[in-house]
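Add 31 to the 1-based position in the sequence shown for my numbering, that's all there is to it.
C-beta atoms are modelled at their ideal positions from N, C-alpha and C, and glycine is treated no differently.
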Amino acid sequence: MTRLFYSLLLLLLSPLIAFYLYQIRGKKNAGYRAHFAERFGQVPDAISPNGFVIHCASVGEVLAASPLIKRLQENYPNERFLITCNTPTGRTEVHKQFGDTVNVCYLPLDLAFAVRKFINTVKPKLLIVLETELWPNLFYYAKQHHCPVTVINARLSQKSFEGYKRFSALSHNLMKHIDALASHNEEDGARFIALGLEASRVQSTGSIKFDIQIADSEKNKLAALRSHIGERPIWIAGSTHPKEHEQVIAAHKTILKTHPNALLIIAPRHPEQFQPVADYLAHTSLKYSRRSEVYTPDSQVLLADTLGELKFLYGSAQIAFVGGSLIERGGHNPLEAAASAVGVISGPSTYNFSHIYPELTAMAGAKICQDQSHLAELVSQYFSNPAAAQQLGESAYACLAKNQGAIDRTLKVIDSLLEQ
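Encoded structure:
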């Protein structure tokens, strides 16, 4: 497949993509309907050209990249920064992290006319893309505008590699437009090279997700929450999805049989799931509170229906379950729990974090459960053995600390590219 054929195919599919975003996703989250023209290359008038463009797909990438972006702001105080994303939650998190110190808009769909309009208007000095957001037209038109393109925190699973290999002509064309790539490890880097990226453009820097820190403001919020909750067995289920919320709540009912004072904090991955989970809890025998409202001391479940708080909420628990893993979603970031020295339990689906879980489990900082009943069993065991739970958390933190430093290494890659 060539870029021309890819562009034509995407153009033919664009009405369906627009319908999906506006009608289907927009029905669940009205944020998808806002700023819709940006999806087709319209740039807000307030955005000044000739700055750095940094693309973070969604809230997870924004959170991971925020420390790096703040360092870039310090190192390049005279530069303008535009952060693009794909989701309303990502956009909200950008505003929360940076206020008015950066501009924000949606990255247009990779339609040739939309991307060309976006690049011609923004005129970026540098394009930084996180992870595997590899868009052929975006990269092509950036290079047409003589804008360096760098991919940071880059990862490419074997499954994704096989997919790109099926379209070797398009993949090779894509790779020749990347000026520098900072990969999680040498294995990921080797896959990009096998797709056609020059080896001299690849550096293994590690994952910036290991460089997570708990801010003082977050520690203060955590202390306030702990004073409300008091001393009791607490576990948290972070980033849960439909068909997983129900399994977690059922596991908690089992845990309450042996630990009747236990509290579950459940944090759905997407805000449109806050109300459905609340409705589900209302039809159970469980007493629950919502984080957005007043906490009731006899609550058996606390629904975390707020944005951007999950990282410090992990620190309130003795053990953490990381969602997207009891269903086939590939899991979510376990390092947010590790940053608070809280041990991790995950379901079997962890392919999105295949660069993290093997070492985390090898260092005894995480356990893999097979299903709902196994999850309940493991949480109950750790509640019965607080020393084991503490050791799991300390091992998780040790794994995190061992792998830190990726931000400094990534900054060197960006600095070198700008010097060239």
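Hey, is the region 318-333 in contact with the region 196-214, meaning 3+ C-beta pairs nearer than 8 Å? Pairwise C-beta distances place the region 318-333 out of contact with the region 196-214, as fewer than three of them are shorter than 8 Å.
Give me the residue from D446, E450 and V125 with the minimum Cα distance to I183. D446
Just curious, the beta strand (DSSP E) that A298 is in, first and last residue? L294 to P299
In this structure, how does DSSP classify I239 when only helix, strand and coil are distinguished? helix
Mind checking which residues open and close the beta strand (DSSP E) that includes Y137? N134 to Y137
Looking only at its chain, what residues have a beta carbon closer than 8 Å to the beta carbon of S330, apart from the 5 residues adjacent to it on each side? L294, K318, Y319 and S320
T33, DSSP secondary structure in three states: coil
Check G130 in the structure and name its three-state DSSP category. Note: G130 maps to helix in three-state DSSP.
Kindly indicate which three-state DSSP category T337 falls into: helix, strand or coil? coil
Tell me, to the nearest whole angstrom, how far the beta carbon of A96 is from that of L161; I am working on the premise that it is less than 8 Å. Going by Cβ atoms, the distance from A96 to L161 rounds to 6 Å, so yes, they are a contact pair.
Just confirm the distance between the C-beta atoms of P119 and G194, as a whole number of angstroms; I'd bet it's less than 8 Å. Not confirmed; about 27 Å, so no contact.
So, does the region 357-375 touch the region 233-245, judging by three or more C-beta pairs under 8 Å? yes
Helix, strand or coil, according to DSSP, for Q73 in the structure here? coil
Would you mind reading off the limits of the beta strand (DSSP E) that contains S270? I265 to T271
Beta-carbon proximity list for F149, same chain, < 7 Å, skipping 5 on both sides: G72, V74 and P139
Evaluate the contact criterion for the region 172-186 versus the region 404-423: three or more CB pairs, one atom per stretch, below 8 Å. no
The beta strand (DSSP E) spanning L212 covers which residue range? A211 to S214
By Cβ distance, which residues of its chain are closer than 7 Å to A407, with the 5 residues on each side in sequence left out? Within the same chain, A407 has close Cβ partners A282, T285 and I286.
Quick one: measure Cβ to Cβ for L308 and L334, integer angstroms, because I've assumed they're closer than 8 Å. One point to set straight first is that residue 308 is Val, not Leu, in the sequence displayed. At roughly 6 Å, the Cβ-Cβ gap stays under 8 Å, so V308 and L334 are in contact.
Taking 6 Å as the limit between beta carbons, can you name the residues of its chain near V90, skipping five residues before and five after? Once the five neighbours on either side are set aside, the close Cβ partners of V90 are T120, G121 and E124.
What's the C-alpha gap between S188 and K398? 22 Å
Quick check on the DSSP output: the beta strand (DSSP E) that includes L113 runs from which residue to which? From DSSP, the beta strand (DSSP E) with L113 extends over F112 to C116.
Can you list, in chain order, the residues of its chain with a C-beta nearer than 7 Å to that of I48? Leave out the 5 residues immediately preceding and following it. Short of 7 Å from the beta carbon of I48, and not among the five residues preceding or following it, lie these beta carbons of its own chain, in chain order: L140.
Do T337 and R360 have their C-beta atoms within less than 8 Å of each other? In this structure, R360 does not lie closer than 8 Å to T337 by Cβ.
Classification of K342 by the beta-carbon crowding that lies within 10 angstroms, buried from 16 upward: With 16 or more neighbouring CB atoms inside 10 Å of its own CB, K342 falls in the buried class.
Cross-strand partners of G374 (DSSP beta bridge): I350
Looking at the structure shown, is H86 part of a helix, part of a strand, or coil, going by DSSP? strand
With a threshold of 16 other CB atoms inside 10 Å of the CB of I55, please say whether the residue is buried or exposed. exposed
With distances taken from CA atoms, which of E69, R102 and A185 is nearest T152? E69
Just to confirm, are S377 and V353 a CB contact at a threshold of 8 Å? yes
Whole angstroms is fine: what's the gap from A313's alpha carbon to K190's? 41 Å
What do you reckon, are the CB atoms on T441 and L165 nearer than 8 Å? The criterion of a C-beta distance shorter than 8 Å is not satisfied by T441 and L165.
Taking all protein chains shown into account, decide if Q451 is buried (16 or more other Cβ within 10 angstroms of its Cβ) or exposed. exposed
Quick check on S426: buried or exposed, where buried means 16 or more other Cβ atoms within 10 Å of its Cβ? buried
I'd like the list of long-range same chain contacts for T315, defined as Cβ closer than 7 Å, with 5 residues on each side in sequence excluded. I280
Can you give me the Cβ contacts of N434 inside the same chain, cut-off strictly under 8 Å, excluding the 5 residues immediately before and after it? G237, S238, F241 and E390
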